[in-house]
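Residue numbers (this note's numbering), protein chains in the order written: chain A, 1 to 253; chain B, 254 to 506.
Here the structure is laid out as structure tokens; the discussion comes afterwards.
2 protein chains.
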Amino acid sequence: MVKGVLLDISGVIYEGDRALPGAADAVARLRDAGLPLRFLSNSTRSPRRRLVDKLTAMGVSFDPAELFTPAGAVCRWLEETGHRGHFLIHPDLAEDFETAPQQGPKAVVLGDAGPFFTYEALNAAFRVLAGGAPFLALAVNRVFRDADGALSLDAGAFVHALEYASGVQAQVFGKPAPGFFGAAAADMGLTLGEVAMVGDDAEADVAGALSAGCAAAYLVRTGKYRAGDEATATPAPTATVDDLAAAVECILG
Amino acid sequence: MVKGVLLDISGVIYEGDRALPGAADAVARLRDAGLPLRFLSNSTRSPRRRLVDKLTAMGVSFDPAELFTPAGAVCRWLEETGHRGHFLIHPDLAEDFETAPQQGPKAVVLGDAGPFFTYEALNAAFRVLAGGAPFLALAVNRVFRDADGALSLDAGAFVHALEYASGVQAQVFGKPAPGFFGAAAADMGLTLGEVAMVGDDAEADVAGALSAGCAAAYLVRTGKYRAGDEATATPAPTATVDDLAAAVECILG
Numbered sequence: 001m002v003k004g005v006l007l008d009i010s011g012v013i014y015e016g017d018r019a020l021p022g023a024a025d026a027v028a029r030l031r032d033a034g035l036p037l038r039f040l041s042n043s044t045r046s047p048r049r050r051l052v053d054k055l056t057a058m059g060v061s062f063d064p065a066e067l068f069t070p071a072g073a074v075c076r077w078l079e080e081t082g083h084r085g086h087f088l089i090h091p092d093l094a095e096d097f098e099t100a101p102q103q104g105p106k107a108v109v110l111g112d113a114g115p116f117f118t119y120e121a122l123n124a125a126f127r128v129l130a131g132g133a134p135f136l137a138l139a140v141n142r143v144f145r146d147a148d149g150a151l152s153l154d155a156g157a158f159v160h161a162l163e164y165a166s167g168v169q170a171q172v173f174g175k176p177a178p179g180f181f182g183a184a185a186a187d188m189g190l191t192l193g194e195v196a197m198v199g200d201d202a203e204a205d206v207a208g209a210l211s212a213g214c215a216a217a218y219l220v221r222t223g224k225y226r227a228g229d230e231a232t233a234t235p236a237p238t239a240t241v242d243d244l245a246a247a248v249e250c251i252l253g
Numbered sequence: 254m255v256k257g258v259l260l261d262i263s264g265v266i267y268e269g270d271r272a273l274p275g276a277a278d279a280v281a282r283l284r285d286a287g288l289p290l291r292f293l294s295n296s297t298r299s300p301r302r303r304l305v306d307k308l309t310a311m312g313v314s315f316d317p318a319e320l321f322t323p324a325g326a327v328c329r330w331l332e333e334t335g336h337r338g339h340f341l342i343h344p345d346l347a348e349d350f351e352t353a354p355q356q357g358p359k360a361v362v363l364g365d366a367g368p369f370f371t372y373e374a375l376n377a378a379f380r381v382l383a384g385g386a387p388f389l390a391l392a393v394n395r396v397f398r399d400a401d402g403a404l405s406l407d408a409g410a411f412v413h414a415l416e417y418a419s420g421v422q423a424q425v426f427g428k429p430a431p432g433f434f435g436a437a438a439a440d441m442g443l444t445l446g447e448v449a450m451v452g453d454d455a456e457a458d459v460a461g462a463l464s465a466g467c468a469a470a471y472l473v474r475t476g477k478y479r480a481g482d483e484a485t486a487t488p489a490p491t492a493t494v495d496d497l498a499a500a501v502e503c504i505l506g
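This is the structure we're talking about:
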């Protein structure tokens, strides 16, 4: 029996602007069972504030302090190392970096900039990397389920583009970085071996959590899930289930 | 003694719009020595016609039939396999695909689109690849020496971005594809073991040519060359020399 649960948000609790049926109730069931929860999002197109608003509007019971985003982890790194960011991010995310240092050597910070991934912006970031700056990736997801229902390019494609051209390896801050899962578990006073993860991304959520040391990781067939995803990820999911409600069923046993 | 020579163009004969000193004379020396030549360009931002015009304006003695470009190789592939292109290329290159098939299943064709590498265009190409289309890369160069003198992102970064997101491996048509060097050698009635290559790209030109089987490959310290490039490429250059004139000196012995 696990002692805490980590939940992905996009594709698990909602898809685009639509709450997934039964998701808010499934979160409530975990609360009722007395399990502490943390929400781990790799969505870097919108600020933390908007995630809070969406979860609230969808009737999910949570405390904003339970929400972990890669931007928060990068802010801490910038402060601790005294770097200022050269940001290649969606403008909507800028508010999550308002408190980041304005001085110091540059570090390239890349998130899912979406339509703001222009050649000019990518080339400017490449030149900063070629000049020796460290490379911080908020996430390296391949794809996400877009508003039109089809899959679209996520930040990972652009991280790989800049890594290939510059020869500089990115440090990843969101899932599947072990430190991202670890910080959320530690915030519940637990070790990774005591928590379960639920997500729709077989790589970043599921294989990432298991590689980091989580006790279990459930892949849901909502969000970006495509038939066969469970066969492509290593380690394989503890179980592949229809949705968050089914995952909660497995967790509560 | 080699029996024919393959020459890279950008960074070897000219940089941007500037002829490199002594390059046209070096080409003439090879002609005088009776060596057949072929010109192999990976520059895919401008059409074949513009390369011909530039070489002519710079006083280089050549026949347009001696010019090999990846676009020509891709056109032949599209015709032979009955595919039509979904093009992610610079609009200036479109004229090189005028004779390509208009019917048949789609194949994604990627060149150095420069400022036309928008998120929208990359995502559209990604979706065609995710639908099962083959992926044809005109080139996979990491960087090129831009008009402002600094290095800029070349097509390779974007090839890797789409490969990572889609899981579809690109077939490369320009250098370092062995078939590209081989077709140019065969056009001179020679095998790769009878020809030397000269280029400024330690990977695509030099290591590529040697891996393909060329007898020798010279790296010039013009164009995109940066100190130490020769140490990063495997196989290493036959010799690293100041410019094309020095490479010709080596070739003629």
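Virtual Cβ for every residue (Gly too), placed ideally from N, Cα, C.
It should be emphasised that the depicted structure is a prediction, and the values quoted were computed from it without experimental measurement.
**Prompt:** Taking 8 angstroms as the CB-CB cut-off, is Leu346(B) touching chain A?
**Reply:** For the purposes of this step, residue 346(B) is taken as residue 93 along the second sequence, with counting starting at 1. No, because no Cβ of chain A sits closer than 8 angstroms to the Cβ of Leu346(B).
- Message: So that I know if they touch, is there some Cβ in chain A lying closer than 8 angstroms to that of Gly367(B)?
- Response: Mapped onto the second sequence, residue 367(B) falls at position 114. For Gly367(B), the answer is yes, since a Cβ of chain A falls inside 8 angstroms of its Cβ.
Contacting positions in the stretch 122 to 134 of chain A - beta carbon closer than 7 angstroms to chain B:
Leu122, Asn123, Phe126, Arg127 and Ala130
Tell me the DSSP secondary structure of Glu268(B) in three-state form.
One-based indexing of the second sequence puts residue 268(B) at position 15. Note: Glu268(B) maps to strand in three-state DSSP.
* To do: Mind checking who Val258(B) pairs with in its DSSP beta bridge?
  => For the purposes of this step, residue 258(B) is taken as residue 5 along the second sequence, with counting starting at 1. In the DSSP output, where bridge partners are listed per residue, Val258(B) has Leu290(B) and Ala449(B).
Item to complete: Can you tell me which of the three DSSP states Val128(A) falls into?
Response: Position 128 of the first sequence, counted from the start, is the residue given in the question as residue 128(A). Here Val128(A) sits in helix by DSSP.
Notebook entry, point to check: DSSP puts His339(B) in a beta bridge; with which residues?
Noted result: By one-based count along the second sequence, residue 339(B) stands at place 86. Val361(B).
task = Mind checking which residues open and close the beta strand (DSSP E) that includes Leu136(A)?
result = On the first sequence, position 136 is the one that residue 136(A) refers to. It spans Phe135 to Ala137 - the beta strand (DSSP E) in which Leu136(A) sits, taken as one unbroken run.
Check whether the Cβ atoms of Pro64(A) and Asn42(A) lie closer than 8 angstroms to each other. Translated into the one-based positions of the first sequence, residue 64(A) becomes position 64. Translated into the one-based positions of the first sequence, residue 42(A) becomes position 42. No, these two residues do not count as a Cβ contact at 8 angstroms.
If the cut is a Cβ gap below 7 angstroms, which residues of chain A does Thr371(B) touch? As a working note, residue 371(B) is residue 118 in the second sequence. Within chain A, the residues near Thr371(B) are Thr118.
_At a CB distance below 9 angstroms, what residues from the stretch 157 to 173 of chain A approach chain B? Give them in sequence order._
Ala157, Phe158, Val159, His160, Ala161, Leu162, Glu163, Tyr164, Ala165, Ser166 and Gly167
Interface residues of chain A around Arg395(B) at Cβ under 9 angstroms?
For this step, residue 395(B) is matched to residue 142 along the second sequence. The answer, in chain order, is Tyr164, Ala165, Ser166 and Gly167.
message = Distance check for Asp453(B) and Ala438(B), CA to CA, integer angstroms please.
response = The residue you call residue 438(B) lines up with position 185 of the second sequence. The residue you call residue 453(B) lines up with position 200 of the second sequence. When rounded, the distance between both Cα atoms is 19 angstroms.
| query | Looking at C-beta atoms only, is the number of pairs between the stretch 332 to 344 of chain B and the stretch 366 to 377 of chain B that lie closer than 8 angstroms three or more? | reply | yes
**Asked** Counting only beta-carbon atoms, is Leu244(A) nearer than 8 angstroms to chain B?
**Response** Start at 1 with the first residue of the first sequence, and residue 244(A) comes out as number 244. So, not an interface residue.
Identify whether Thr301(B) lies in helix, strand or coil by the three-state DSSP scheme. To locate residue 301(B), count along the second sequence from 1; it is residue 48. Here residue 301(B) turns out to be Arg, not Thr, going by the sequence shown. Helix, per DSSP.
Quiz item: When the Cα atoms are used, what is the spatial distance from Pro36(A) to Ala484(B)?
Solution: Mapped onto the first sequence, residue 36(A) falls at position 36. Mapped onto the second sequence, residue 484(B) falls at position 231. Their backbone Cα atoms lie some 53 angstroms apart in a straight line.
**Item:** Endpoints, alpha helix (DSSP H) assigned at Arg145(A)
**Value:** The residue labelled residue 145(A) in the question sits at position 145 within the first sequence. Arg145(A) -> not in any alpha helix (DSSP H); beta strand (DSSP E) instead, spanning Val143 to Arg145.
Discussion item. Under 8 angstroms, Cβ to Cβ, is there at least one residue of chain A near Leu293(B)?
Written reply: As a first step, residue 293(B) must be located in the second sequence, where it is residue number 40. No, Leu293(B) lies away from the interface with chain A (no Cβ there is under 8 angstroms from its Cβ).
Among residues of its own chain, excluding the 5 on either side of Gly223(A), which ones have a beta-carbon nearer than 7 angstroms to its beta-carbon? On the first sequence, position 223 is the one that residue 223(A) refers to. The answer, listed in chain order, is Ser10, Gly11, Val12, Glu15, Arg145 and Asp200.
Residues of the stretch 448 to 477 of chain B with Cβ closer than 8 angstroms to any Cβ of chain A, in chain order
none
Notebook entry, point to check: Alpha carbon to alpha carbon, how far is Leu315(B) from Val473(B)?
Noted result: For the purposes of this step, residue 315(B) is identified with residue 62 of the second sequence, where counting begins at 1. For the purposes of this step, residue 473(B) is identified with residue 220 of the second sequence, where counting begins at 1. This sequence places Phe at residue 315(B); Leu is not what is there. Cα to Cα, the separation comes out at about 21 angstroms.
Contacting residues, own chain, Cβ-Cβ under 8 angstroms from Ala276(B) (five flanking each side not counted) = As a position in the second sequence, residue 276(B) is number 23, starting the count at 1. If we look at Ala276(B) and ignore the five residues flanking it on each side, its Cβ neighbours are Val265, Ile266, Tyr267, Met311, Val313, Asp496, Leu497 and Ala498.
Which of the three DSSP states is assigned to Leu497(B) in this structure? Indexing the second sequence from 1 puts residue 497(B) at position 244. Here Leu497(B) sits in helix by DSSP.
**Prompt:** Are the C-beta of Ser296(B) and some C-beta of chain A separated by less than 8 angstroms?
**Reply:** Locating residue 296(B) in the second sequence gives position 43, where the first residue counts as 1. Cβ-Cβ to chain A under 8 angstroms: no for Ser296(B).
Out of Val2(A), Leu6(A) and Met1(A), state which residue places its alpha-carbon closest to the alpha-carbon of Pro176(A). If you number the first sequence from 1, residue 176(A) lands on position 176. If we check each option's Cα against that of Pro176(A), Leu6(A) comes out closest.
Report the CB separation of Ile504(B) from Val255(B) in whole angstroms; it is logged as a contact under 8 angstroms. Locating residue 504(B) in the second sequence gives position 251, where the first residue counts as 1. Locating residue 255(B) in the second sequence gives position 2, where the first residue counts as 1. That belief holds up - the Cβ atoms of Ile504(B) and Val255(B) are roughly 6 angstroms apart, short of 8 angstroms.
| From which residue to which residue does the alpha helix (DSSP H) around Ser464(B) run? | Numbered from 1 along the second sequence, position 211 holds the residue referred to as residue 464(B). Residues Gly461 to Ala465.
Is any beta-carbon of chain A found at less than 8 angstroms from that of Ser299(B)?
-> Here the question's residue 299(B) lines up with position 46 in the second sequence. Output row for Ser299(B): interface = no.
| request: Report buried or exposed for Gly409(B), applying the criterion of at least 16 other Cβ atoms within 10 angstroms of its Cβ. | output: Position 156 of the second sequence, counting from 1, holds the residue named residue 409(B). Burial call: buried.
Specify, as a first and last residue, the run of the beta strand (DSSP E) that Val473(B) falls within.
On the second sequence, residue 473(B) is found 220 positions in, with the first residue counted as 1. From DSSP, the beta strand (DSSP E) with Val473(B) extends over Ala469 to Val473.
- Message: 8 angstroms is my cut-off, CB to CB: does Leu391(B) come that close to chain A?
- Response: Sequence index remark: in the second sequence, residue 391(B) carries index 138 (1-based). No, Leu391(B) does not count as interfacial toward chain A.
* Exposed unless 16 or more other CB atoms sit within 10 angstroms - verdict on Arg479(B) -> To locate residue 479(B), count along the second sequence from 1; it is residue 226. So Arg479(B) ends up on the exposed side.
State yes or no: is the C-beta of Phe426(B) within less than 8 angstroms of the C-beta of Ala390(B)? Here residue 426(B) is taken as the residue at index 173 of the second sequence, counted from 1. Here residue 390(B) is taken as the residue at index 137 of the second sequence, counted from 1. Result yes, Cβ atoms of Phe426(B) and Ala390(B) sit closer than 8 angstroms.
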